[in-house]
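J.: Before anything else, here's the structure in question.
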């Protein structure tokens, strides 16, 4: 497979050196308040920098010291964010056995979909929807799972339900465009994506998908123009030629043709360059607000 048809993920590892002082054998009044504030500030910094490895250590320590549902859920969520789905399932399992809410079912569905266990993932996302039929995130996730599993009609219905629950336009239109790309209706995909791009929505996945749809619909000039304007590749002509013969389809174990790219992206990631493959978009983190 050509270099330009592969997904190359940019892994950014942030190492934070923490100076840990020895705790004194005495405490001033209010010292615990300062410690709590320091812990909250540290967590805020880790969240803003998306240092999920650091957050995992924070929440593992908290869970070790005191069992708490929210702590356990957040730990499972952060493991999901670093693609460690087995660990996420491990820490989530006790919550699944004890009055799980919609967020627990939703995260389990994402974990299973990321491992291509689509049948089980669909069961769990339906449980999440049954818990809260007004969750746009759950319907959007169901659409992603269905699309990846090749159930494109059902995927479209789920995305439309998410739209009716006011999930952002850029997410829904991108995902509906992906259904059109899977169906090789590339001009229809462009009609979903181009208005968003012209309105200023230039999120990486959306722009990548637009370029791919333009190329496949035969509009090489406009696709190359966007590649150049957005600095998506150092050699636009080479990229255009490489993508011209690529076909995108839902995941299939039997896929063997090196010109075919099978999509598996329940967890949205960003490519380090160029639209190697079109990408479905999640609504964001499932983490519950305290």
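Residue numbers (mature numbering (1 follows the signal peptide of the UniProt record, and there is no 0)): -17 to -1, 1 to 273. Quick reminder that beta carbons are idealized off the backbone N, C-alpha and C, glycines included.
Which value, in whole angstroms, describes the spacing of the CA atoms of residue 63 and residue 69?
T.: Walking along the chain shown from the start, residue 63 turns up at place 80. Walking along the chain shown from the start, residue 69 turns up at place 86. Taking the straight line from one Cα to the other gives about 9 Å.
J.: Nearest to residue 112 by alpha carbon, out of 264, 83, 131?
T.: For the purposes of this step, residue 112 is identified with residue 129 of the chain shown, where counting begins at 1. When only C-alpha atoms are compared, the closest one is 83.
J.: So, are the CB atoms of residue 138 and residue 122 less than 7 Å apart?
T.: Counting from one through the chain shown, the residue named residue 138 turns up at place 155. Counting from one through the chain shown, the residue named residue 122 turns up at place 139. Cβ atoms of residue 138 and residue 122: not closer than 7 Å.
J.: Applying the 10 Å Cβ sphere with the 16-neighbour rule, what's the burial state of residue 91?
T.: Residue 91 sits at position 108 when you count from the first residue of the chain shown. By the neighbour-count rule (16 or more Cβ atoms within 10 Å), residue 91 is buried.
J.: To the nearest angstrom, how far is it from the Cα of residue 169 to the Cα of residue 193?
T.: Taking the chain shown and counting its residues from 1, the one referred to as residue 169 is at position 186. Taking the chain shown and counting its residues from 1, the one referred to as residue 193 is at position 210. Rounded to whole angstroms, residue 169 to residue 193 spans 9 Å at the Cα level.
J.: Starting from the Cα of residue 109, find the closest Cα among 98, 97, 87, 99 and give me that residue.
T.: Taking the first residue of the chain shown as position 1, residue 109 is located at position 126. For residue 109, the nearest C-alpha among the options comes from 87.
J.: Is the Cβ-Cβ distance between residue 104 and residue 127 less than 7 Å?
T.: As a first step, residue 104 must be located in the chain shown, where it is residue number 121. As a first step, residue 127 must be located in the chain shown, where it is residue number 144. Not a contact, by the Cβ cut-off of 7 Å.
J.: Within the continuous alpha helix (DSSP H) that includes residue 83, where are the two ends?
T.: By one-based count along the chain shown, residue 83 stands at place 100. From DSSP, residue 83 is part of no alpha helix (DSSP H); its letter is neither H nor E.
J.: Pull up the CB-CB distance for residue 124 and residue 148, whole angstroms please, since I reckon it's below 8 Å.
T.: Reading the chain shown from its first residue, position 141 is the one you call residue 124. Reading the chain shown from its first residue, position 165 is the one you call residue 148. That belief does not hold up - the Cβ atoms of residue 124 and residue 148 are roughly 12 Å apart, past 8 Å.
J.: Can you have a look at residue 175 and say buried or exposed, based on whether 16 or more other CB atoms are within 10 angstroms of its CB?
T.: As a first step, residue 175 is located in the chain shown; it is residue number 192 there, counting from the start. Classification for residue 175: buried.
J.: What's the call for residue 93, buried or exposed, on a 16-neighbour Cβ count within 10 Å?
T.: Here residue 93 refers to the residue found at position 110 of the chain shown. With 16 or more other Cβ atoms within 10 Å, it is buried.
J.: I'd like the ranges of any alpha helix (DSSP H) spanning at least 4 consecutive residues and lying wholly in the stretch 146 to 189.
T.: The stretch 146 to 189 contains these whole alpha helix (DSSP H) runs: 152 to 165, 169 to 181.
J.: Check each candidate in 225, 233, 153, 44 and name the one with the smallest Cα separation from residue 184.
T.: The residue labelled residue 184 in the question sits at position 201 within the chain shown. Out of 225, 233, 153, 44, 153 has the C-alpha closest to the C-alpha of residue 184.
J.: Secondary structure at residue 233, three-state DSSP: helix, strand or coil?
T.: Position 250 of the chain shown holds residue 233. Three-state DSSP puts residue 233 in a strand.
J.: Within the 7 Å Cβ cut-off, does residue 152 reach chain B?
T.: Within the model displayed, chain B is absent; a lone protein chain is all it includes.
J.: Given this structure, state the Cα-to-Cα distance separating residue 114 from residue 262, to the nearest angstrom.
T.: Sequence index remark: in the chain shown, residue 114 carries index 131 (1-based). Sequence index remark: in the chain shown, residue 262 carries index 279 (1-based). Using only the alpha carbons, I get a separation of about 28 Å.
J.: Just to confirm, is the Cβ distance from residue 198 to residue 157 under 7 Å?
T.: Sequence index remark: in the chain shown, residue 198 carries index 215 (1-based). Sequence index remark: in the chain shown, residue 157 carries index 174 (1-based). Contact: no.
J.: Would residue 277 and residue 196 qualify as a contact pair, given that the criterion is a beta-carbon distance under 7 Å?
T.: The structure shown has nothing for residue 277, since the chain only spans -17 to 273.
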